[in-house]
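Protein chains in written order, with our numbering: chain L, 44 to 305; chain Y, 2 to 465.
Even glycine gets a Cβ: it sits at the ideal position worked out from N, Cα and C.
Note that the structure is predicted; figures quoted are calculated from it, not measured.
Let me begin by presenting the structure, written as structure tokens, before commenting on it.
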């Protein structure tokens, strides 16, 4: 079946066919939670059940979405940087989901791809994570705003790395192989029912395998309905420059520019 | 050394923990840890070998060394030899046959609980099918009390979980009112805060307490902050009914949560001293989940289900009101799909109940797990049959703060209806008095609820 033009939600059922929402539906103004749904017997009304099912379908589709590698390879050089495609040790999605350790390591042949690129201040890895759809949609628009500012600040940005079946920590190995002082990983976050395409940006100073979350900083929920591209680029530009200036990342680097112990 | 031969092939395990791991029903986390059986045959061979292990071996062969681990020391030092005596000559296999027999009635099982160690219970669970996990657990009623009575036969309670991504008091109050009007909240009204900031937690505690007082709800509230935050707030006089903590089955995993047994003891005593319970003083609320020890790299080569059972030794030390296995939250690298989640939940409920704990289960899944609402329905129904003390109540099953799917208020209505289960008695009387449920425990037309006539202050302030 070919998908029809997409509308944001299923067509509402005629009111006569469904039970009314609860009398306290006015409280929906206070929260995005699924309150005052109404009921028929002990069940939710069908319209509520279908709305939930559609949100879950979007989340599931996002988990199984793939990086649009060809399109990204074609589009990203326009940003002025070489683009390299790599793969983690996880060969497919079921492996990726069950072996997070493999998703953190580069496949052997991918190591060759990254070796010998020469040093840079910051390398950028685009990783599918749990929502390639997020990377497909948001990575290029974000980089179009961020990369020129990094260049204008005199920073050498290394190649863009497109990484499939990749987790955040894969960036550490990639960054080390690239001789990068800092690695920025743009990755699809775990889809929620309200946001199947949320992009996360993680960066590590001095990347090398074996680092853990406390060595990283994160800017999350990047998408037009969440943290918009311009705001995300502002925040990242500030943080990346601070990390490089101070030579650190992780718990010691605060996004309000205050430093612990400084 | 443990061995079993199938046809011409002999399988050998050097130690008990390896045998337990090889005998475990399949799940992603054990494969990830590299402790799972490599073949179906190896798994059953390990189950044969495990069946022949004397229960006494578990008292002599610590899976995590006594000297290294305070959870092991707790298990060994508090073991009740007299309670153990009736089964002291059993193997694991004989315990299995006895547990499923008619001789293992409610009284016998309750008397045995202090004589069982988590490892014995984990071991025998690996020999049981799902129906046996249900049938045995169903015989055990673990009753606990604070402002109401939980765990009675024929009752099913719910934790009302009105979370909000920014802890907005009005957003939380809106979900809270919704839940109350659907009959949810007898186990606890419990918020997972978005931040562990003490001031924010204290504000939420006061808000919950005000709502509970306003409607005279016979239940307890909890903001699920870290135990150190709770201790600080208790000192400041905040209205803490229950102290919450996530716990795990090894000292190292607990260290990754920032806790030790002595800290839990301190928190228990501080909470007891507040004396806020009306019908009882069970004041602790613990959450657990298979995979937490591995995720902290603190599993010592144990399988995740045995680690989980060891967490119940930590829990039972502090006489909790509620123990909740958050079974599907951790993700598919530990429990891959609905089948693994369902199996794990039944194991957790069985092991906890056998050890004497008031077990509830957060029937849940994340969006990267191979599971959906049909799996939720299946597990929910199985747990209702098994006599689970409580489940979660989340608006529309969608927790917008934690980003996972749990059970909805409607799900609890369904389960109570199809199995004839009722809320905790004190809460049931309150629901009737409020015009929310009728005498048969059926929900009345929504507009009848008195509560709607006077909304909580949090919803009136600032308007909308």
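Item, Value
"Residue 1 (chain Y) CB to nearest chain L CB: under 8 Å?", "This structure cannot speak to residue 1 (chain Y), because chain Y is shown only from 2 to 465."
"For residue 171 (chain Y), go through chain L and note every residue whose CB falls closer than 8 Å to its CB, in chain order.", "73, 74"
"Under 8 Å Cβ to Cβ from residue 426 (chain Y), same chain only, skipping five residues before and after it: list those, please.", "149, 150, 153, 156"
"Of all Cβ atoms in chain Y, is any one closer than 8 Å to the Cβ of residue 180 (chain L)?", "no"
"Could you give the DSSP three-state label for residue 241 (chain L): helix, strand or coil?", "coil"
"Taking only beta-carbon atoms, is residue 210 (chain L) less than 8 Å away from chain Y?", "no"
"Strictly under 8 Å for the Cβ-Cβ distance: is residue 428 (chain Y) near chain L by that measure?", "no"
"How is the beta strand (DSSP E) around residue 262 (chain L) delimited, first residue to last?", "259–265"
"Short of 7 Å in beta carbon distance, which residues of its chain neighbour residue 275 (chain Y), apart from the five on each side in sequence? Order them along the chain.", "235, 241"
"Against residue 369 (chain Y), what residues of chain L qualify as contacts under a CB-to-CB distance less than 7 Å, listed in chain order?", "106, 140, 173, 233"
"Are the CB atoms of residue 153 (chain L) and residue 129 (chain L) nearer to each other than 8 Å?", "yes"
"Do you know offhand how far residue 384 (chain Y)'s Cα is from residue 135 (chain Y)'s?", "8 Å"
"By Cβ distance, which residues of its chain are closer than 8 Å to residue 192 (chain L), with the 5 residues on each side in sequence left out?", "276, 280"
"Can you tell me whether residue 251 (chain L) is buried or exposed? The criterion is at least 16 other CB atoms within 10 Å of its CB, across all chains shown.", "exposed"
"Establish whether the CB of residue 448 (chain Y) and some CB of chain L are separated by less than 8 Å.", "yes"
"So for residue 193 (chain Y), helix, strand or coil by DSSP?", "coil"
"Of all Cβ atoms in chain L, is any one closer than 8 Å to the Cβ of residue 29 (chain Y)?", "yes"
"Do residue 303 (chain Y) and residue 30 (chain Y) come within 8 Å of each other at the CB atom, strictly closer than that value?", "no"
"Given that residue 165 (chain Y) touches chain L, what residues does it touch there, using C-beta distances under 8 Å?", "74, 76"
"Closer than 7 Å between beta carbons: that is the criterion. Which residues of the segment 330–344 of chain Y meet it against chain L?", "333, 334, 337"
"Going by the DSSP bridge assignment, what does residue 185 (chain Y) pair with across the sheet?", "Its beta-bridge partners do not exist; DSSP assigns none."
"Please list the partners that residue 178 (chain Y) has in chain L, where partner means a Cβ-to-Cβ separation under 7 Å.", "67, 70"
"Between which two residues does the beta strand (DSSP E) carrying residue 246 (chain Y) extend?", "244–247"
"For the segment 136–159 of chain Y, enumerate the residues whose C-beta is nearer than 7 Å to any C-beta of chain L, in chain order.", "none"
"In chain L, what lies closer than 7 Å to residue 418 (chain Y) by C-beta?", "85"
"Taking Cβ-Cβ distances shorter than 8 Å, what residues in chain A pair up with residue 411 (chain Y)?", "Included in the structure are the protein chains L and Y, with no chain A among them."
"Please classify residue 280 (chain Y) as buried or exposed, where buried requires at least 16 other C-beta atoms within 10 Å of its C-beta.", "exposed"
"Which residues of chain L have a Cβ atom closer than 9 Å to the Cβ of residue 424 (chain Y), listed in chain order?", "The premise fails here: residue 424 (chain Y) is roughly 14 Å from chain L at the closest Cβ pair, so nothing lies under 9 Å."
"Helix, strand or coil for residue 414 (chain Y)? Go by DSSP, reduced to three states.", "helix"
"Please report the distance separating the alpha-carbon of residue 199 (chain Y) from that of residue 209 (chain Y).", "15 Å"
"Counting only beta-carbon separations shorter than 8 Å, does residue 26 (chain Y) have a partner in chain L?", "no"
"Less than 8 Å between the CB atoms is what I'm expecting for residue 335 (chain Y) and residue 305 (chain Y), so what's the real figure, rounded?", "6 Å"
"Skipping 5 residues on each side, what residues in its chain have a beta carbon closer than 7 Å to that of residue 42 (chain Y)?", "7"
"Under 9 Å, CB to CB, which of the residues in the segment 346–374 of chain Y have a partner in chain L?", "367, 368, 369, 370, 371, 373, 374"
"Please state whether DSSP places residue 307 (chain Y) in a helix, a strand or coil.", "helix"
"Hey, does residue 242 (chain L) have any beta-carbon neighbour from chain Y nearer than 8 Å?", "no"
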